[in-house]
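In the numbering used here, the protein residues as written are 183 to 320.
Beta carbons are placed, not taken as given, at the ideal position from N, Cα and C, and that holds for glycine.
All of these numbers come straight from a predicted model, not from anything done at the bench.
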Amino acid sequence: MIRMILVGLFLALNTICDVRTKKIPIVLLVCFGMAGIIINIFLPEYTVKEIAFGAVIGVALWGISYVTAGQIGNGDGLLFVVTGLFIGGINNFALLFWSTAFCAITAGVLLFAKKVGRKDRIPFVPFVLLAYVGQVVL
């Protein structure tokens, strides 16, 4: 239960920051990353392998951000490192899949309606929060 609350809080705070500034504060990443490590020490729910796989998903996304010269934000990759510490690999992969799907659908609708252009940036973290809420509810 504490994991769900912390991840929800982490994503909600980052959603606010991402929408307002299009940046993810490093302070939130570090604080919640440390909280994820501490929780895994005192309330283990996942194996070290599952947690490592969860974090590797974020590292891979961060690497893709680097290779694509920032087309995907660096903060988005680091955000998934932190969520991986809390929810493990399979859940983190599902979170990435669904948040990307929601973002792609929304971007398609906005492009079709001519509300955004091809080069415009859309904050991604709100879709991560939406996908996480979906995971928790379902």
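What's the C-alpha gap between G266 and L292? 30 Å
Pair within 8 Å by beta-carbon distance, N274 and F262: yes
Where do the N-terminal and C-terminal ends of the alpha helix (DSSP H) with D200 fall, by residue? 184-203
At what residue ranges does the stretch 213-296 contain a whole run of the alpha helix (DSSP H), taking only runs of 4 or more? 230-249, 256-294
Do three or more CB pairs link the stretch 196-207 to the stretch 248-260 at distances below 8 Å? yes
From what residue to what residue does the alpha helix (DSSP H) around V316 run? Checking the sequence shown, residue 316 turns out to be Gly, not Val. It spans 307-319 - the alpha helix (DSSP H) in which G316 sits, taken as one unbroken run.
I need the DSSP call for V209, collapsed to helix, strand or coil. helix
Cβ-based neighbour list, F192, same chain, cut-off 6 Å, excluding 5 preceding and 5 following: F214
Output needed for W280: all residues of its chain with C-beta closer than 6 Å, excluding positions within five of it in sequence on either side, in chain order. A313
Selected residue, minimal CA-CA separation from G236, among L211, P207, I269, G245: I269
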